[in-house]
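Residue numbers (this note's numbering): 117 to 289.
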């Protein structure tokens, strides 16, 4: 069973953990999620399409990411998630956490922080190996294509990614 660390509203670990499945977070309790924007030198981005059997947002396009395990750092988690979902190793790529936001949903007990990383690395289609339990497809898309997906079929975290780009002073136009 997977566990996650519980953070307080200042994004500090509380020393408590909960199981990933079925946990309900109270006011002032958060879990940590990571997202990875992976950009090639030609300014194209790796995106994946969520598996159709996902309970939430099945078939929607997104960037790689997921929950941070108990005892794991944000950076360790983003490297693990990207490796698991795409086969790429971003651990030595140029990049960093460029933006963090929080979400509070007390009704569902779904409170979390999200660290968004922006990595720059050279890779090809041959380097990408998607995890079939997580994704049904991938694309290497420019920002115009991602915007078109957002406007037509949906693209998870689109606005937050734009906020992350803005926070780091990065322009996608």
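Quick reminder that beta carbons are idealized off the backbone N, C-alpha and C, glycines included.
Check residue i in the structure and name its three-state DSSP category.
i           : result
residue 267 : helix
residue 184 : coil
residue 247 : coil
residue 196 : helix
residue 257 : strand
residue 133 : strand
residue 189 : coil
residue 160 : coil
residue 205 : coil
Counting along the chain, where does the alpha helix (DSSP H) carrying residue i start and finish?
i           : result
residue 174 : Taken as a continuous stretch (DSSP letters only), residue 174 belongs to no alpha helix (DSSP H), as it is neither H nor E.
residue 152 : Segment 147 to 155 is the beta strand (DSSP E) holding residue 152; no alpha helix (DSSP H) there.
residue 239 : Counting along the chain, residue 239 falls outside any alpha helix (DSSP H), and DSSP gives it neither H nor E.
residue 281 : 274 to 284
When we look at the beta-carbon of residue i and count the other beta-carbons within 10 Å, is it buried (16 or more) or exposed?
i           : result
residue 180 : buried
residue 166 : buried
residue 234 : buried
residue 173 : exposed
residue 286 : exposed
residue 292 : The question about residue 292 has no answer, for the chain in this structure spans 117 to 289.
residue 105 : The shown model of the chain, from 117 to 289, leaves out residue 105, and the question about it has no answer.
residue 231 : buried
residue 159 : exposed
residue 164 : buried
residue 240 : exposed
residue 201 : buried
Can you round the beta-carbon distance between residue i and residue j to whole angstroms, since I take them to be within the 8 angstroms contact cut?
i           : j           : result
residue 226 : residue 151 : Actually they do not touch by this definition, with Cβ atoms about 16 angstroms apart.
residue 146 : residue 228 : 6 angstroms
residue 134 : residue 122 : 6 angstroms
residue 210 : residue 236 : 5 angstroms
Quick one: give me the first and last residue of the beta strand (DSSP E) that residue i is part of.
i           : result
residue 211 : 210 to 219
residue 121 : 119 to 123
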